[in-house]
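So for the sequence shown, my numbering puts the first residue at 597; every next one is plus one. C-beta atoms are modelled at their ideal positions from N, C-alpha and C, and glycine is treated no differently. Right, one structure below, let's go through it.
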Amino acid sequence: MGKISSENIRNIAIVGHSGAGKTSLAEAILFNGKSIDRLGKTSDKNTVMDFDEQETARGISISLACAYTYWRDVKINIIDVPGFYDFEGEFEQAMRAVGAAVLVADANGEVSVGAEKAVDYCIRRRIPLMIFVNGIDKENSDYVATVEAFRAKYGRKISPTHLPILRDGKMKGYVSVISGKAFEFTPGGRNAIEVPENMLADVQLLKDSLTEAAAETSEEFLDKYIEQGTLTNDEIVTGVKCGLKDGEAIPIMGGSALQNMGVINLMHEIVDLLPSPCERKPVMATDDSGEILSVVCDVNKPFTAQVFKTVADPFVGKLNMIRVFTGTLKSGMTVYNATTGEKERINSLYVMKGKKQEAVDELTAGDIGAVNKLNNTNTGDTLCDESIKVKFYDIPLPKPVITMAINAAKSGEEDKVFQGLNRLAEEDLTFKVEKDKETGEMVIRGQGETQLDILCKKLKAKFGCEAVLSMPKVAFRETIKGVAEAEGKHKKQSGGAGQFGVVNIKFEPGAADGEFEFVNAIVGGAVSKPFAVAAEKGLREAMQKGVLAGYPMVDLKCTLFDGKEHPVDSKEVAFVSAAKLAYDDGIRRAKPAILEPVYSYKILIPDNYTGDILGDMNKRRGRILGMETVDGLQEISAEAPLVEMLKYATDLRSMTQGRGKFSAEFLRYEEVPFSAQEKIIADAKK
């Protein structure tokens, strides 16, 4: 088709629990809109949206994918969003690009965790949402029970705009509540039929309910409803659209994505009910003076857009997916990156169809597309005309919750591994690779074990190098609780000039700030100042390793109170060695102890999991500090040693069926209980 107006665009994210059939629904929509000529299947590994090697191997989406089609002269941009917990960042990126969502829910009579989280997100952010109950053709499916499960949880927000036609307990078609027309599903479409006689009363009852809800969306409709007792079908549709836009109405319908039943009906509703970019709520931004702006879709304003996803390919290069908010982007333009302050030239523009890129001349306000070969532009960056210079708010991405040590599988490939990971980090901003300042090892931090494992697989597939993951080291410390004095004597005579140095040092706990305090208390010149400085140097070197398990020594005060030196044989190296000998002897007699890092945790869970979480935290040597209700959830504040929490992200998901989240922040070091200390020492010796 030719140039499309912003009013005739619908941007939707297809969301839901992993395995609910999101990719299959996207495939059916593209097929019905004739964007593809063959209906692929995830089981056959030939869908448009799941094209990554890891996606086809695992049978799940691990990265958002974009495609488009046309329906009734309206362009529908689709973003297929992964449903697995580890890819929450992809969900956030997709929601920045679109103005509405279609939730795919399994017709199993329940509200799954992924569906619950998606609905809660859309209600909280007031994002228009439709629900497509998928798999009505399956043997144990129950469309009616699934709708009732959603209504039980979300009340009047759930608005059945269709009444199912049931035969033998299965949904075989539907009656449109608004139009009063009935249709029977056929593979790939629907046939018009008469409304079953036994359904007429129920259809009218639902229509009365929808009319009443629509009347409440405006004073004009309410006055007419009070006066005439009814609204026209167009007015009901307008009312439902208003409720949808405000997050107060969630239409629900059913079908089978795999059999392409009910999908055409959904496409009609997407065009009729979901908002165009012009009707989307404003996106927040700041101008170059820092003033907050509300940006609404307007083709007549200067160009602005935001990158919501970056794909890095070792052969093709970097591809930035963008959502245009205002103006028009054309090939050959030079734009300003408000995030980096750099200018970028737009060479080629594309619209996406899975892994395929189709070249276009321009992208108008409200549209979604891609730009390649931008050197200094990444996910979240704002591109704009130099005359306007606005910067959109950052996309809210989840912070890493799990850390693993990472190393090259083959010696000598370290640089290749970390270069590849840095390239992958351009695609996925929810993981970080860095050198741990405390332990000195390279670590990778992310959302879960599945995400980190997939990153290693991608590393091998895209960049030809392997990485291995292992549990990270914990940055233990050692200190002393008692006081001891020790003498260190270094004497060496081997012909010619010898080495001689004696120091007497008092060891005691210092200020609890991790610092080392050295006091030169020599009186009468028993040890001259240069040799006292050498003794301090020896102590600082010795402190790098404690006497129990070899961890760094902290909170230590050392007082040099006596010693001896030789007029010929004394040298700085002798006093360095003497101080180390005194350290080894004195620290062992000053009640050494191991310290462990303790973190504060904020754990957000549904109330019914509180008992399990509290009991589990006690097993981890944690302390509960308090609880409060936040957005209908329980937020538990706790402290716990890091060594007990290394896999908490995985364990919390298991305990809460994926509903729990947490954040952590370093708090302090504490002494390790004796029972745990023995294990740490044993592990260090291994």
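{"Item": "Return helix, strand or coil for Asp1032, following the three-state DSSP convention.", "Value": "coil"}
{"Item": "With Met880 and Ser890 assumed to form a contact (beta carbons below 8 Å), what rounded beta-carbon distance in angstroms separates them?", "Value": "6 Å"}
{"Item": "State yes or no: is the C-beta of Gly925 within less than 8 Å of the C-beta of Ser620?", "Value": "First, the amino acid is wrong: residue 925 is Leu here, not Gly. No; because the gap between Cβ atoms is not below 8 Å, this pair is not in contact."}
{"Item": "What's the C-alpha gap between Val1268 and Pro1148?", "Value": "15 Å"}
{"Item": "Starting from Met1324, follow the beta strand (DSSP E) in both directions and report where the run begins and ends.", "Value": "Residue coverage of the chain in this structure runs from 597 to 1282, which leaves residue 1324 outside it and unanswerable."}
{"Item": "Compare the beta carbon distance of Thr978 and Thr1035 with 8 Å and say whether it is the shorter of the two.", "Value": "no"}
{"Item": "For Asn553, which of Tyr739, Lys713, Ala961 has the nearest alpha-carbon?", "Value": "Examination of residue 553 is not possible in this model, given that the chain is present from 597 through 1282 alone."}
{"Item": "Can Lys905 and Leu660 be called in contact, C-beta distance under 8 Å?", "Value": "yes"}
{"Item": "Taking Cβ to Cβ, would you say Phe1270 is nearer than 8 Å to Leu1200?", "Value": "no"}
{"Item": "According to DSSP, which residues form a beta bridge with Ile998?", "Value": "Gly1042"}
{"Item": "Is it right to say Gly886 is buried, meaning 16 or more other beta carbons lie within 10 angstroms of its own, or is it exposed?", "Value": "exposed"}
{"Item": "Name the DSSP bridge partner or partners of Met857?", "Value": "Ser852"}
{"Item": "Beta carbon of Pro898, beta carbon of Thr935: below 8 Å?", "Value": "no"}
{"Item": "For Gly776, count the other beta carbons within 10 Å of its own beta carbon; 16 or more makes it buried, fewer makes it exposed. Which is it?", "Value": "exposed"}
{"Item": "Drop a sphere of 10 angstroms on the beta-carbon of Leu1366, count the other beta-carbons inside from all chains shown, and report buried for 16 or more, exposed for fewer.", "Value": "One cannot answer for residue 1366 here, as it falls past the ends of the chain, which runs 597 to 1282."}
{"Item": "Would you call Arg721 buried or exposed, if buried means 16 or more other Cβ atoms sit within 10 Å of its Cβ?", "Value": "exposed"}
{"Item": "Nearest CA to the CA of Phe1103: which residue from Ile1076, Gly851, Glu790?", "Value": "Ile1076"}
{"Item": "Thr960 bridges to which residues according to DSSP?", "Value": "Thr924"}
{"Item": "Val1169 lies in the beta strand (DSSP E); which residues open and close that run?", "Value": "Element bounds for Val1169: not the beta strand (DSSP E) but the alpha helix (DSSP H), 1168 to 1184."}
{"Item": "Considering only the beta carbon of each residue, do Gly1134 and Phe1171 sit closer than 8 Å?", "Value": "yes"}
{"Item": "Roughly how far, in whole angstroms, is the beta-carbon of Asn861 from the beta-carbon of Pro783, given that I think they are within contact range, below 8 Å?", "Value": "Going by Cβ atoms, the distance from Asn861 to Pro783 rounds to 14 Å, so no, they are not a contact pair."}
{"Item": "For Ala745, I'd like the list of residues in its chain whose CB is within less than 8 Å of its CB, leaving aside the five on either flank, ordered along the chain.", "Value": "Gly705, Glu706, Val707"}
{"Item": "Keeping to the same chain, check which residues put their C-beta closer than 7 Å to that of Ala624; ignore five residues upstream and five downstream.", "Value": "Leu635, Ala853, Asn856, Val859"}
{"Item": "Given this structure, state the Cα-to-Cα distance separating Val833 from Gly839, to the nearest angstrom.", "Value": "10 Å"}
{"Item": "Please list the segments of the beta strand (DSSP E) lying wholly inside the region 759 to 833, counting only runs of 3 or more residues, in order along the chain.", "Value": "766 to 772, 778 to 782, 785 to 789"}
{"Item": "Taking 8 Å as the cut-off, does the region 1174 to 1183 touch the region 1199 to 1214 (at least 3 CB pairs, one atom from each stretch)?", "Value": "no"}
{"Item": "Any idea what DSSP makes of Met1213, helix, strand or coil?", "Value": "helix"}
{"Item": "With which residues is Asp676 paired in a DSSP beta bridge?", "Value": "Ile610, Ala661"}
{"Item": "With Phe1270 as the anchor, note down where its alpha helix (DSSP H) starts and where it stops.", "Value": "1270 to 1281"}
{"Item": "Heavy atom of the ligand PLP less than 7 Å from the Cβ of Ala1004, yes or no?", "Value": "With respect to the ligand PLP, the structure shown offers nothing to examine, as it has no ligands at all."}
{"Item": "Alpha carbon to alpha carbon, how far is Ile672 from Tyr666? Give it in angstroms, no decimals.", "Value": "6 Å"}
{"Item": "Below 8 Å on the Cβ atoms is my contact criterion, and I expect Val947 with Met1000 to pass it. Report the Cβ-Cβ distance as a whole number of Å.", "Value": "The Cβ separation is near 38 Å, so there is no contact."}
{"Item": "Can you tell me the Cα-Cα spacing of Ile1101 and Ala1189, whole angstroms?", "Value": "20 Å"}
{"Item": "Would you kindly work out how many angstroms separate the C-alpha atoms of Val986 and Tyr932, rounded to a whole number?", "Value": "10 Å"}
{"Item": "By the 10 Å Cβ neighbour count, where 16 or more other Cβ atoms means buried, how is Arg763 classified, buried or exposed?", "Value": "exposed"}
{"Item": "Hey, quick one: how far does the beta strand (DSSP E) through Lys1012 stretch, first residue to last?", "Value": "Element bounds for Lys1012: not the beta strand (DSSP E) but the alpha helix (DSSP H), 1010 to 1023."}
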